[in-house]
Each structure stands twice: as structure tokens, then as C-alpha cells.
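Student: Residue numbers (this note's numbering): 2 to 140.
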């Protein structure tokens, strides 16, 4: 069980777009990815070749921000707008895929980039899975 599950279970509505257990796991993955991306960006700034890592840093920061916003949006259980939830999950997939691809280019030199690429790929897959779990708009 994720740390978010008890608070999600205490919510008085069951009107969320996703099942609570699934949502707790999604939130955990989003928060973990956001933190890994922030640490990777910071580690990139500490590298001697920081100029070569500018795009990586930018995409790390973008992915971290999108993961955090995605967690904010999907954790709101009262009357979710499924179109918005779908859009933010798609945006998270795009941001995580872009970050993973860029970090992978540097992974042979920097272990933090390898770790970040793995975390972003896992988070993108989590978001893809969440999209498949979302009920149709009329449900």
C-alpha cells in the first residue's frame, strides 16, 4: 500500500476517475519520478560538462513539474473531468518519454542519468496503464 492510500480511502466520495488502490500506486510513481528528475537535474549541474547537459537539465525539470501537476490533478476525487485527466496523463507520458530519451544519451557517462531514464520510462508506463484503466467519459 502506498502512503497515499489511507487518505484516499478517507475521502467521502467514490467519484474518482480511477480505483483508489490503483490511484495510490500511480501517485507513488509520479512523486518518485518527480524526485528522481530533480536530483538528476541537480547532479547534472554538478558535472564538469554541464553545458553539454543543458537539454537534459531542462527535460529533467519539465518532467518533474509535469509529474507533480499530474499527481495533483489525478488525486482530486470530487467530480473529475475525465478529459482533463486524460490530457494530463498524456502530457506526463510525453514529458517522461522526452526526459528518458535525453537521459539515456548520457547514461554511459552519468549513473544519475541512467537512473533517471529508468524512472521516467517506468512513470510513462504507469501513466499509459492509467489511461487504459480510466472509465469511458459516460461511465
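Just so it is clear, CB atoms sit at the ideal spot from N, CA and C, and this is done for glycine as well.
What residue does the alpha helix (DSSP H) around residue 53 start on, and which one ends it?
Tutor: No alpha helix (DSSP H) holds residue 53; DSSP gives it neither H nor E.
Student: Could you please give the first and the last residue of the uninterrupted alpha helix (DSSP H) stretch that includes residue 110?
Tutor: Taken as a continuous stretch (DSSP letters only), residue 110 belongs to no alpha helix (DSSP H), as it is neither H nor E.
Student: Compare the Cα-Cα distances from residue 97 to each of 25, 31, 4, 106 and report the closest residue.
Tutor: 31
Student: Hey, could you find the ends of the alpha helix (DSSP H) residue 24 is sitting in?
Tutor: 21-47
Student: So, for residue 63: in the same chain, excluding its five sequence neighbours on each side, which residues have a beta-carbon less than 8 Å away from its beta-carbon?
Tutor: 96, 99, 100
Student: Does the Cβ-Cβ distance between residue 114 and residue 41 come in under 8 Å?
Tutor: yes
Student: Do residue 57 and residue 109 have their CB atoms nearer than 8 Å?
Tutor: no
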